[in-house]
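The next block holds one structure in the form of structure tokens; read it before the comments.
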């Protein structure tokens, strides 16, 4: 049975955009901005229903990212790999780090 994409979240990292796709088979597939798969990880025992990145972006406008600058949010720097959280039908929530094209 083929997997079904259930959720998607994007994260701009320096000059690239990485998409995280939660799949019905419990895995998370990472795609680049050309929609090519760059990594896949077996994340959960059941379907991945939600994924979210820690980057505080509001949108993209006129060739620049609009950044959320509210002082009570922790800022990430270029030196810090972005974090992602995933939730599953198996009742688990996991925290992931995206570093050197790997989700760990």
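Residue numbers (my numbering): 1 to 104. Glycine residues also receive a C-beta, built at the ideal position from the N, C-alpha and C atoms.
Residue from the options whose Cα sits closest to the Cα of residue i
i: residue 92; options: 28, 46, 102; result: 46
i: residue 54; options: 101, 85, 100; result: 85
i: residue 94; options: 52, 30, 4; result: 52
i: residue 80; options: 87, 97, 88; result: 97
i: residue 3; options: 24, 10, 34; result: 24
Residue i vs residue j beta-carbon contact at 9 Å
i: residue 32; j: residue 18; result: yes
i: residue 26; j: residue 8; result: no
i: residue 48; j: residue 6; result: yes
Outcome for residue i when other beta-carbon atoms lying within 10 angstroms are tallied against a minimum of 16
i: residue 50; result: exposed
i: residue 42; result: exposed
i: residue 28; result: buried
i: residue 103; result: buried
i: residue 88; result: buried
Residue interval of the beta strand (DSSP E) (run including residue i)
i: residue 26; result: Per DSSP, residue 26 belongs to no beta strand (DSSP E) and is neither H nor E.
i: residue 49; result: 48-53
i: residue 38; result: 37-42
i: residue 88; result: 83-88
i: residue 33; result: First-last for residue 33: undefined, no H or E at that position.
Presumed contact (8 Å Cβ cut-off) between residue i and residue j, rounded CB distance
i: residue 99; j: residue 44; result: Rounded, the Cβ-Cβ distance is 20 Å, inconsistent with contact.
i: residue 39; j: residue 101; result: 6 Å
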